[in-house]
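The sequence shown begins at 7 in the numbering used here and counts up by one. C-beta: ideal position from N, C-alpha, C; glycine also. Data block below; observations after.
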Amino acid sequence: MFTKKSLGQDLYALALKSGNREKAKEIALSKEYLWQNVILESKQLLGALGVPYIESPASAESQCACLVKQGIANYSNSQDFDSLLFGCPSLLQNLSKSLRRKVQGKWTYNKVTPFHTNLSKNLKRLKINQFQLVDIGLLIGTDYFSGIKGIGPKKALTYIKKHLQVENIIR
7 MFTKKSLGQD LYALALKSGN REKAKEIALS KEYLWQNVIL ESKQLLGALG
57 VPYIESPASA ESQCACLVKQ GIANYSNSQD FDSLLFGCPS LLQNLSKSLR
107 RKVQGKWTYN KVTPFHTNLS KNLKRLKINQ FQLVDIGLLI GTDYFSGIKG
157 IGPKKALTYI KKHLQVENII R
């Protein structure tokens, strides 16, 4: 039986053997090929350094939000805003040593600036509550739901402020 890891290694070896260096490079740099090794090596490194770590059984963003809400962690770090939908009080984005982020699907990088989002301050500023923020996420889309075509953040906020909840918009 093939795992993603062994299949990726086999495809890489086959591409090299056939002389298709471009395909081999594409496979070697793909998330599927690298991801399992990155996770395993990260766990081994943390263990060797005596650094405790947590493996989330489901969404890491929900797990991190829970840790911050309970005061076990001060911040959650994620590139998207789904953590806020899980109620994460304090979100950090764009944390990287190089202050650069790879452009998806390209061989280029963008400069990034670390950014902090405080959930309660933003809910107050927008004059909405946590449930309404989740409804906005449903309208515009999240990692788990594609959203409604034609509705972006501004329109979703306007709808939620006017109708209070997503169920009233759909009716």
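Query	Result
Does the segment 112-132 come within contact of the segment 86-101, defined as at least 3 CB pairs closer than 8 Å?	yes
From the DSSP secondary-structure annotation, give me the bridge partner or partners of Asn174.	None; Asn174 has no bridge partner.
Please list the terminal residues of the continuous beta strand (DSSP E) segment that includes Lys117.	115-117
How long is the line joining the alpha carbons of Gly93 and Lys127, rounded to whole angstroms?	13 Å
So, with DSSP's three-state summary, where would you put Phe151?	coil
Rounded to the nearest angstrom, what separates Lys161 and Ile176 at their Cα positions?	14 Å
Beta-carbon separation of Phe151 and Gly158 under 9 Å?	no
If you reduce the DSSP assignment to three classes, tell me which class Phe87 lands in.	coil
Could you give the DSSP three-state label for Phe137: helix, strand or coil?	helix
State the start and end residues of the unbroken alpha helix (DSSP H) segment that holds Thr69.	Just to set this straight, residue 69 is Gln in the shown sequence, not Thr. It spans 66-75 - the alpha helix (DSSP H) in which Gln69 sits, taken as one unbroken run.
Which residues does DSSP pair with Phe121 in a beta bridge?	Gln99
Identify which residue in Leu91, Leu90, Gln85, Lys133 has its Cα closest to the Cα of Asn110.	Here residue 110 turns out to be Gln, not Asn, going by the sequence shown. The residue with the shortest Cα to Cα distance from Gln110 is Gln85.
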